[in-house]
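Those letters in the sequence shown? Residues -31 to -1, 1 to 125, by mature numbering (1 follows the signal peptide of the UniProt record, and there is no 0).
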Amino acid sequence: KIFDFCATKYIKKLFWFVCLLLLSEKMAGRGKTLGSGAAKKATSRSSKAGLQFPVGRIARFLKAGKYAERVGAGAPVYLAAVLEYLAAEVLELAGNAARDNKKTRIVPRHIQLAVRNDEELSKLLGDVTIANGGVMPNIHNLLLPKKSGPSKPQED
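Below you can see the structure in the form of structure tokens.
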């Protein structure tokens, strides 16, 4: 019986020692042991998601905007991806419009032409006014000259 008592006492001490060791490793942060090498360099959420748009800033805006009481971790990443896609789409079409006009710089007029010539973007941005974008070229059919086809000789 004395041996059993000593064994359980030894096991309890060993158990508490292992618990303290594990706890100290957790407290060291990010799974590192105390005193181990240099800290890992921080990577942004944008780079983790492979995006150019700032995920952290969008998360801050979502929280500050009071759109909801709480904001999930994936929401700003998804929103950043959608905004980046829309920006890339508009820039590609505006670049094509600038190239069609033999220009090397995209100006608001090219953005206006790109958005209004694309059916889906025009529907999405239907109520949006683009500053210095101008208007779409359009001549009403009544104002166009009448097409003269093969003329028939008039009979009197």
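Every residue gets a Cβ at the ideal spot worked out from N, C-alpha and C, and that includes glycine.
| query | result |
| --- | --- |
| Within 8 Å, strictly: CB atoms of A18 and A50 | yes |
| Residues near F22 in its chain [Cβ-Cβ closer than 7 Å; skip 5 each side] | S15, A49, L52, E53 |
| Whether I75 touches G102 by CB criterion (8 Å) | no |
| Residue 142 - DSSP class collapsed to helix/strand/coil | Past the edges of the chain, shown from -31 to 125, lies residue 142, and the structure says nothing about it. |
| Three-way DSSP call (helix, strand, coil) for I(-30) in this model | Its pLDDT being 42, under 50, I(-30) is placed unreliably in this model, and the coordinates cannot settle the point. |
| Span separating the alpha-carbon of P45 from that of K35 | 14 Å |
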